[in-house]
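So the protein lines, in turn, are chains A and G. Per the working numbering, the first sequence starts with residue 1, numbered consecutively. Per the working numbering, the second sequence starts with residue 1, numbered consecutively.
Number of protein chains: 2
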Amino acid sequence: MWQRLIDIQKSIVPDILSHMLKRLDILSCIETEQPIGRRTLARQLGMTERVLRREVEDLSQLNLIKVDAKGISISENGREALKEVEPFLTLIESRNDLAAQLKKQYPLKDIFVVRGDADQNAMVKDELTRLMAEELMKNLFKGAVVSVAGGSTMASVSKFLRPKHDNLLFVPARGGLGEDVAFQANSIVSHLAEATSGEHRMLYAPDSISKASLESLKEEPMVKEIIDLNSRSSMVIHGIGDALQMARRRNVTQEVMSKLDAANAVGETFGFYFDAEGNIVHKVKTIGLQLEDLENKTSIFAVAGGDSKKEAVKAYLKLAPQNTILFTDEAVAQHLLG
Amino acid sequence: MWQRLIDIQKSIVPDILSHMLKRLDILSCIETEQPIGRRTLARQLGMTERVLRREVEDLSQLNLIKVDAKGISISENGREALKEVEPFLTLIESRNDLAAQLKKQYPLKDIFVVRGDADQNAMVKDELTRLMAEELMKNLFKGAVVSVAGGSTMASVSKFLRPKHDNLLFVPARGGLGEDVAFQANSIVSHLAEATSGEHRMLYAPDSISKASLESLKEEPMVKEIIDLNSRSSMVIHGIGDALQMARRRNVTQEVMSKLDAANAVGETFGFYFDAEGNIVHKVKTIGLQLEDLENKTSIFAVAGGDSKKEAVKAYLKLAPQNTILFTDEAVAQHLLG
DNA sequence: CCTCCTGGGACGCAAAACGTCTCGCCGTGA
DNA sequence: TCACGGCGAGACGTTTTGCGTCCCAGGAGG
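As structure tokens, this is what we get:
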């Protein structure tokens with residue numbers, strides 16, 4: 001809703017928004033280095049003295065900074081503005097620079113980096129899913145089939161989708177991972193279908209099930225359809241989670257927990273747990289999309305952000321197919337580059 | 001929450017909003033007059049050709065308008081931006097011009113006019129209460145006593161108050177008007193007290209009560225305290241409602257309804273119904289603030305907006321004391337001036 | 001046909017922006 | 001106490017931008 005306001009500002013007065021970011025940059029530099037002189041500051045920010053001087057004059061007139069014989073320092077208003085604007089930055093400017101650096105290092109189809117840390121600012125997570133939803137909509141075509149994984153991140157995607165393309169079909173990537181209902185792929189596909197005026201299929205596969213029953217379940221027509229749809233779907237959207245965190249959230253058995261622990265699992269995505277090297281160390285026994293299926297998808301939209309997921313994402317990139325499109329945040333991106 | 005973003009933008013780059021509004025003005029003019037030439041447009045908007053030309057060049061580069069041999073016309077993007085930004089305008093710019101005009105006509109302490117129509121855009125109502133809360137906070141002092149009326153508008157005031165002053169005391173202006181619980185003065189004062197870390201008093205006066213019981217109730221110490229506090233409180237905050245709408249919401253008896261109807265009641269405020277000339281035509285029999293008490297208050301904050309309340313507000317101004325501060329919207333203001 | 005309105009181009013003046021240098025001030029450290 | 005380095009502020013000449021104004025070719029409508 002409110003994101004629209006910023007979008008409109010971007011489209012009507014883009015230069016002023018960038019001007020605002022520039023001033024914020026100056027402001028935050030002043031905050032850390034205060035008191036600091038004009039020349040030193042100009043050198044540090046990579047601008048000429050005169051240009052910065054104008055900005056300083058303006059900022060001083062706006063009572064955001066104080067300037068005296070000792071140098072420039074930030075005022076109470078300035079500090080407050082800087083602090084309060086911080087959460088919004090993620091909505092205003094994404095870190096395309098970091099994305100470009102990442103692209104050189106990782107051979108993915110595309111990479112998007114959003115400002116901030118999803119763990120500390122809820123808006124970052126929303127912005128991630130919003131971006132993903134936007135890109136997804138660009139890639140959708142009439143009759144497209146989309147495999148959808150579960151998780152808290154995926155659950156908010158439907159907020160940002162609008163009906164636009166016809167005959168879309170959303171299928172749960174895998175069933176029965178032990179999530180809360182709201183985070184289950186089944187719930188999510190129904191929301192996605194509703195948001196886009198498309199259709200969806202459900203997959204009813206119990207959480208814990210014997211190998212034998214699983215095999216017989218696979219012969220059920222409705223289940224077979226899901227497996228088939230997943231193997232020929234053209235897109236996949238999924239999140240990436242921290243291994244132990246996900247395991248805990250899903251209340252896995254002590255046995256599995258020890259197994260994950262022993263294998264040094266760091267990440268998880270739609271039921272597959274992997275270690276820091278990208279080796280699959282555990283698969284949740286259930287029905288649906290397999291890793292091999294990923295190769296022939298048009299696009300795989302992977303979303304994950306927040307400091308707590310940085311190891312998981314790094315590891316995931318070692319097993320991610322080249323048709324992956326990654327959506328992440330600054331916190332993770334820094335770690336991937338560092 | 002989000003209003004803060006706009007505030008910050010105002011404080012860091014004040015140009016952003018004025019420039020944006022200017023462009024929106026141009027855009028909306030183009031939309032209605034298209035296709036239109038530069039010169040004609042410039043004359044109409046009261047700016048010189050060259051200045052408008054620059055704007056047109058920019059807007060055209062931003063794909064918000066199309067310009068060809070026939071003249072300037074709005075593009076799909078432009079139309080969309082114009083439409084989507086409309087609800088936000090109320091937050092960006094208030095109609096100080098209308099307020100100034102109103103001040104000439106009505107001898108009130110102060111008048112604030114917010115853009116838009118509260119009936120059609122929920123944000124307008126929020127902005128009204130936000131503005132009121134802000135002004136209220138400016139006027140508060142240590143130990144201030146504030147009489148608070150009920151109603152849906154007052155119920156949202158607490159959202160915009162922050163703890164700042166000490167020992168504030170909020171008292172319900174009048175009790176037992178028949179509102180929903182959430183809109184009762186009793187609930188509202190408790191929220192206000194919580195928001196400001198202040199205190200509050202409750203007034204337990206039943207809705208329908210015989211005259212005799214009412215008189216004996218007035219002798220109760222707790223009730224007496226409320227009456228006393230209301231008579232010596234320094235500020236009052238209240239909304240203004242349409243008479244019949246309020247009567248319906250409060251489920252008044254058929255008898256009262258006919259009385260209001262016969263007397264041509266148009267407005268209501270904290271239990272007093274009045275006609276178009278500002279004569280009180282009905283008083284809800286309950287305990288608390290009396291109209292005579294208003295005279296010696298420091299400030300009376302009256303909030304009302306939306307086309308449906310325009311008659312009520314107009315009538316109210318005929319009985320409002322000079323220490324009233326009115327917060328209203330464009331829809332009402334236009335009617336007051338016209 | 002003419003006429004009116006259209007966008008675009010051009011020209012010259014004024015103001016604003018800018019790079020650069022200088023000066024006097026003040027705090028710090030020798 | 002004195003010298004020095006960093007500070008803001010002022011100044012000045014150059015460059016850039018913005019602006020007002022006029023003109024021109026083209027197209028639509030009468």
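Note that the Cβ used here is the ideal one computed from N, Cα and C, for glycine as well.
Relative to K10 (chain G), the option among A:V85, A:Y106 and A:V171 whose CA is nearest is A:V85. In terms of beta-carbon proximity, I72 (chain A) stays away from the interface with chain G, with every pair separated by 9 Å or more. Considering only beta carbons, no part of the segment 121-138 of chain A lies closer than 7 Å to chain G.
In the displayed model, E219 (chain A) falls within coil according to three-state DSSP, outside both helix and strand. The continuous stretches of alpha helix (DSSP H) do not include T328 (chain A), which lies in the beta strand (DSSP E) extending over residues T324 to D329. Under the three-pair Cβ rule at 8 Å, the segment 282-297 of chain G does not count as touching the segment 89-103 of chain G.
Between the segment 298-306 of chain G and the segment 324-334 of chain G, the count of Cβ pairs shorter than 8 Å is three or higher; the stretches touch. Within the segment 4-19 of chain G, contact with chain A at the beta-carbon level (separation under 7 Å) is assigned to R4, L5, I8, Q9, S11, I12, V13, D15, I16 and H19.
For V266 (chain G), the uninterrupted beta strand (DSSP E) segment begins and ends at A265 to T269. Burial check for F141 (chain A): the Cβ neighbour count within 10 Å stays below 16, so the residue is exposed. With respect to the C-alpha of A185 (chain G), the residue from G:N167, G:T269 and G:S210 having the closest C-alpha is G:T269. Across the segment 21-42 of chain A, CB contacts with chain G closer than 9 Å involve R23, L24 and L27, in sequence order along the chain. Contact between A262 (chain A) and A315 (chain A) does not hold, since their C-beta atoms are separated by about 16 Å, which reaches or exceeds 8 Å.
A Cβ of chain A is located within less than 9 Å of the beta carbon of E84 (chain G). From the listed residues G:L41, G:S213 and G:L45, the smallest Cα separation to G71 (chain G) is found for G:L41. Put simply, the CB of F88 (chain A) is near chain G, with a gap under 9 Å to one of its CB atoms. L17 (chain A) places its beta carbon less than 9 Å from that of I16 (chain G). Nearest to G267 (chain A) by C-alpha distance, out of A:G198, A:R39, A:K318 and A:L108, is A:K318. The alpha helix (DSSP H) runs lying completely inside the segment 154-212 of chain G and spanning 4 residues or more are 185-196, given in chain order. About 7 Å separates the Cβ atoms of V114 (chain G) and R95 (chain G), confirming a contact at the 8 Å cut-off.
Within the model, the alpha-carbon separation for L294 (chain G) versus I92 (chain G) is close to 33 Å. Distance from the CA of S210 (chain G) to the CA of M154 (chain A), rounded to the nearest whole angstrom, comes to 60 Å.
Just so you know, the alpha carbons of N230 (chain A) and V146 (chain A) end up roughly 8 Å apart.
In this chain, the alpha helix (DSSP H) harbouring D25 (chain A) covers P14 to E33. In this structure, I280 (chain A) and D110 (chain A) do not form a Cβ contact; the two beta carbons are roughly 24 Å apart against a cut-off of 8 Å. For I280 (chain A), the enclosing beta strand (DSSP E) has its first and last residue at I280 to K283. Bridge pairing for I111 (chain A): A:L326 [DSSP]. For G116 (chain A), same chain residues with a beta-carbon under 7 Å away, outside a window of 5 residues either side, are L89, T90, V124, D329 and E330 in chain order. Comparing C-alpha distances from R248 (chain G) to each of G:H191, G:L260 and G:M137 shows the shortest one belongs to G:L260. In the three-state reduction of the DSSP assignment, D117 (chain A) falls in the coil class, being assigned neither a helical nor a strand state. Cβ-Cβ distances below 6 Å link L59 (chain A) to I65 in the same chain, with the five nearest sequence neighbours on each side left out; the list follows chain order. Taking a Cβ-Cβ cut-off of 7 Å, the neighbours of N77 (chain G) in chain A comprise S11, given in sequence order.
With contacts defined as CB atoms closer than 9 Å, Q44 (chain G) and S73 (chain G) fail to qualify as a contacting pair. Residue pairing from DSSP places I36 (chain A) in a beta bridge opposite A:I72. Secondary structure of G239 (chain G) (DSSP, three-state): strand.
In the DSSP assignment, S147 (chain A) falls outside any alpha helix (DSSP H) and within the unbroken beta strand (DSSP E) covering V145 to V148.
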